[in-house]
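Protein sequence lines correspond, in order, to chains A and B.
Mapping of the first sequence onto my numbering: position 184 corresponds to residue 187, and the numbering continues sequentially without gaps.
Mapping of the second sequence onto my numbering: position 270 corresponds to residue 273, and the numbering continues sequentially without gaps.
Idealized CB from N, CA, C, for every residue including glycine.
Just so we're clear, the structure is a prediction, and the values are computed from it rather than from any experiment.
Number of protein chains: 2
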Amino acid sequence: MTHDPISRFRRFARSVTTEVGALDESFLGRGRSLGAARVLNAIGHGHADVADLRTYLNLDSGLLSRLLRQLEGEDLITLSPSPTDARARIAALTLAGKAEFTAYEEISNTRAANLLDRHPHPEALLAAMDLIASALGQDRTVIEERDPRDPQSLFCLNEYYAELGRRLRTGFDVNLSCDPQATDMIPPRGAFLVALSDGMPIGCVGVKGSGAPIAEIKRLWIAPSARGLGMAKRLMTAAETRAKALGIQTLRLDTNSALPEAIRLYQTTGWTEIDRFNDDPYPDFFFEKTL
Amino acid sequence: MTHDPISRFRRFARSVTTEVGALDESFLGRGRSLGAARVLNAIGHGHADVADLRTYLNLDSGLLSRLLRQLEGEDLITLSPSPTDARARIAALTLAGKAEFTAYEEISNTRAANLLDRHPHPEALLAAMDLIASALGQDRTVIEERDPRDPQSLFCLNEYYAELGRRLRTGFDVNLSCDPQATDMIPPRGAFLVALSDGMPIGCVGVKGSGAPIAEIKRLWIAPSARGLGMAKRLMTAAETRAKALGIQTLRLDTNSALPEAIRLYQTTGWTEIDRFNDDPYPDFFFEKTL
DNA sequence: TCATTTGTCTGACTTAAGTCAGGTAAATTG
DNA sequence: CAATTTACCTGACTTAAGTCAGACAAATGA
């Protein structure tokens with residue numbers, strides 16, 4: 004058998020291992036060990052405090068300490084005590100460090116751009132990568148509270164509107180809908196949650212409150228590449244927990260029969276169908292849940 | 004920007020690196036260094052002679068020698084001189100070695116099966132993996148001459164027939180077509196070439212000869228995941244070179260207007276359209292090329 | 001046949017990576 | 001406030017990985 008699922012998976016793993024190995028090789032071209040390069044890159048990507056670096060890179064405290072001093076010796080980073088805890092130290096790139104970091108980024112970006120450039124269907128290739136990254140990263144997906152006007156929140160919301168436009172027979176115009184004001188989805192009135200897989204937004208949900216003990220769930224969206232992995236359930240659970248913490252006792256939501264997966268989710272997670280509670284033209288299904 | 008092509012590519016690379024790292028970790032669970040495990044696996048996958056192992060694993064001769072002796076000391080492999088060259092040595096797994104090899108395979112296969120099992124659309128995930136593996140592996144794709152009755156050849160031929168069935172408005176029944184006898188595509192009359200990416204067949208082409216200095220190109224097929232990467236051109240060039248070596252002076256082929264990519268390829272690579280030269284019901288385009 | 005090349009092995013290295021047991025100073029807790 | 005915990009550092013290790021210069025025997029070519 005040469006074409007069974009497992010052979011195909013393993014061929015994928017081999018090809019990707021080769022690519023990863025080649026990237027590591029080109030990293031070594033900058034005359035620094037892979038360990039030091041990883042630390043430099045992690046700092047450049049915003050992992051500032053030493054404790055964070057240690058868990059992110061999964062390094063022994065002694066080993067990381069030495070790597071940090073090596074980078075400090077090369078004048079690529081500075082280490083200063085944390086203002087809130089004089090024991091902890093915070094790493095920052097110097098100008099030279101930023102230049103080195105950019106050089107490493109260039110290596111990665113060039114490899115990525117080359118591969119995408121010479122492919123006949125870059126968008127298909129990227130969609131495939133999204134799918135695989137979501138499947139592999141499902142255990143590492145985190146849910147974070149964000150301002151709904153954040154770039155990552157806006158990305159989710161735009162995708163959500165675009166998808167509604169495609170799926171509702173009538174199309175979707177956000178201006179005709181009961182569009183929640185951003186402040187209604189920010190504490191203390193409400194909250195907006197984004198699911199991030201490796202930093203990439205792959206889903207969102209909003210709790211739209213008014214200060215009263217009743218609030219609405221809005222804008223539940225999951226990226227196509229992440230569907231079927233249980234993200235909607237995780238997001239809804241997180242939203243309910245957050246709503247409870249904000250003092251909300253009852254949640255309501257409206258949805259559309261063109262979104263059967265969503266309706267099925269609500270039906271199986273303790274929501275009860277209720278009568279129409281607004282005059283928004285789009286929804287035709289209404290649910291309620293007591294927390 | 005959080006959703007540009009390069010970010011998406013790099014998110015993919017990160018998630019896959021984590022997965023590869025986790026696999027290496029579980030390999031270490033068998034109490035052998037990664038180097039020794041890699042050698043054992045390579046032998047199990049048919050890399051028997053030491054020289055082949057050295058190039059395949061890209062190892063220093065001294066290092067490989069030591070790893071081999073370590074495995075020999077564990078009674079996992081035997082090393083015997085090659086019958087054709089008494090300097091060269093050939094590695095083979097002992098019974099215990101086969102058991103260890105299987106254990107490593109199990110680790111990989113279980114990880115693969117787990118991931119596929121818990122995904123809602125395993126076939127979509129696999130198609131995405133095929134696409135990426137073909138894109139990453141395009142430089143490592145090799146063209147090999149095979150017997151057209153080989154399992155890998157048959158896989159290509161079946162896919163080819165299935166695809167014709169989908170694309171021809173009339174469907175496609177191999178029995179109605181001028182199906183070449185396998186012996187017509189085996190030296191000295193002809194040849195059958197298969198493109199292999201990491202051992203996986205992703206394309207084929209046949210040269211159907213009769214002993215005369217005129218022969219036909221048949222069964223040109225490229226896997227969907229590998230289209231647009233120039234494989235068809237590579238296969239055709241290889242087929243022409245092989246035909247020439249078999250003493251063939253003129254090549255002909257028939258094709259169908261439902262396959263415009265193929266027709267475009269022939270038109271741009273030195274083929275001239277000619278009159279119908281057979282009464283096969285399927286083709287409606289005919290080409291010829293003098294080598 | 002004899003010089004050269006080839007395939008593998010050995011011993012003596014270097015280096016990166018990682019482990020582990022203290023040590024110091026700051027923060028936290030009862 | 002004293003005891004404990006936490007965050008990081010240091011020194012002394014081990015191990016895997018990899019490099020390099022020969023050594024040897026078999027194969028090859030003039």
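To the nearest angstrom, how far is the alpha carbon of residue i from that of residue j?
i                     : j                     : result
residue 121 (chain A) : residue 232 (chain B) : 8 angstroms
residue 254 (chain B) : residue 276 (chain B) : 12 angstroms
residue 184 (chain B) : residue 258 (chain B) : 18 angstroms
residue 38 (chain B)  : residue 20 (chain A)  : 15 angstroms
residue 235 (chain A) : residue 22 (chain B)  : 24 angstroms
residue 100 (chain B) : residue 6 (chain A)   : 26 angstroms
residue 215 (chain A) : residue 272 (chain A) : 24 angstroms
residue 129 (chain B) : residue 69 (chain A)  : 42 angstroms
residue 97 (chain B)  : residue 81 (chain B)  : 7 angstroms
residue 199 (chain A) : residue 243 (chain A) : 18 angstroms
residue 192 (chain A) : residue 241 (chain A) : 16 angstroms
residue 86 (chain B)  : residue 52 (chain B)  : 11 angstroms
residue 34 (chain B)  : residue 27 (chain B)  : 12 angstroms
residue 109 (chain B) : residue 144 (chain B) : 27 angstroms
residue 78 (chain B)  : residue 139 (chain B) : 37 angstroms
residue 13 (chain A)  : residue 58 (chain A)  : 29 angstroms
residue 302 (chain B) : residue 166 (chain B) : Past the boundaries of the shown model lies residue 302 (chain B); chain B is included only from 4 to 294, so the question cannot be answered.
residue 124 (chain A) : residue 269 (chain B) : 22 angstroms
residue 54 (chain B)  : residue 83 (chain B)  : 13 angstroms
residue 237 (chain B) : residue 224 (chain B) : 12 angstroms
residue 126 (chain B) : residue 164 (chain B) : 21 angstroms
residue 67 (chain B)  : residue 107 (chain B) : 19 angstroms
residue 280 (chain A) : residue 103 (chain A) : 58 angstroms
residue 61 (chain A)  : residue 173 (chain A) : 51 angstroms
residue 32 (chain A)  : residue 32 (chain B)  : 31 angstroms
residue 298 (chain A) : residue 46 (chain B)  : Within the shown structure, residues of chain A are numbered from 4 to 294, placing residue 298 (chain A) beyond reach of any answer.
residue 213 (chain B) : residue 24 (chain B)  : 53 angstroms
residue 65 (chain B)  : residue 11 (chain A)  : 34 angstroms
residue 182 (chain A) : residue 278 (chain A) : 20 angstroms
Taking 8 angstroms as the threshold (C-beta atoms), are residue j and residue i in contact?
i                     : j                     : result
residue 332 (chain B) : residue 48 (chain B)  : Past the edges of chain B, shown from 4 to 294, lies residue 332 (chain B), and the structure says nothing about it.
residue 246 (chain B) : residue 265 (chain B) : no
residue 141 (chain A) : residue 204 (chain A) : no
residue 160 (chain A) : residue 284 (chain A) : no
residue 194 (chain A) : residue 210 (chain A) : yes
residue 135 (chain A) : residue 239 (chain B) : no
residue 260 (chain A) : residue 288 (chain A) : yes
residue 252 (chain B) : residue 293 (chain B) : yes
residue 175 (chain B) : residue 168 (chain B) : yes
residue 189 (chain B) : residue 153 (chain B) : no
residue 137 (chain A) : residue 228 (chain A) : yes
Report the CB separation of residue i from residue j in whole angstroms; it is logged as a contact under 8 angstroms.
i                     : j                     : result
residue 256 (chain A) : residue 220 (chain A) : 4 angstroms
residue 201 (chain B) : residue 17 (chain A)  : 5 angstroms
residue 162 (chain A) : residue 196 (chain A) : Their Cβ separation, rounded to whole angstroms, is 15 angstroms, which puts residue 162 (chain A) and residue 196 (chain A) out of contact at 8 angstroms.
residue 230 (chain B) : residue 207 (chain B) : Not really, about 14 angstroms apart at Cβ, beyond 8 angstroms.
residue 112 (chain B) : residue 9 (chain A)   : 5 angstroms
| query | Between the stretch 109 to 125 of chain B and the stretch 87 to 96 of chain B, do three or more beta carbon pairs fall short of 8 angstroms? | reply | no
| Which residues, in order along the stretch 116 to 133 of chain B, keep a beta-carbon less than 9 angstroms from a beta-carbon of chain A? | 116, 118, 119, 121, 122, 123, 124, 125, 126, 127, 128, 129, 130, 131, 132 and 133
| request: Take every Cβ of the stretch 66 to 77 of chain B, pair it with every Cβ of the stretch 25 to 42 of chain B, and state whether three or more of those distances are shorter than 8 angstroms. | output: yes
| Which residues, in order along the stretch 17 to 31 of chain B, keep a beta-carbon less than 8 angstroms from a beta-carbon of chain A? | 17, 18, 19, 20, 21, 22, 23 and 26
| Name the residues in the stretch 68 to 91 of chain A whose C-beta lies less than 9 angstroms from a C-beta of chain B; which are they? | none
| query | Between the stretch 194 to 212 of chain B and chain A, which residues of the former have CB atoms less than 9 angstroms from a CB of the latter, in chain order? | reply | 200, 201, 202, 203 and 204
| query | Looking at chain B, which residues of the stretch 142 to 159 of chain A have a Cβ within less than 7 angstroms of any of its Cβ atoms? | reply | 154, 155 and 158
| task | Mind checking the stretch 214 to 235 of chain A against chain B and listing, in chain order, the residues whose C-beta falls within less than 8 angstroms of any C-beta there? | result | 230, 231 and 232
| query | Mind listing which residues of the stretch 36 to 62 of chain B have their C-beta closer than 7 angstroms to chain A's C-betas, in chain order? | reply | none
| query | Which residues, taken in chain order from the stretch 92 to 116 of chain B, show a beta carbon closer than 8 angstroms to some beta carbon of chain A? | reply | 111, 112, 115 and 116
| field | Residues of the stretch 237 to 261 of chain B whose Cβ lies closer than 9 angstroms to any Cβ of chain A, in chain order | value | none
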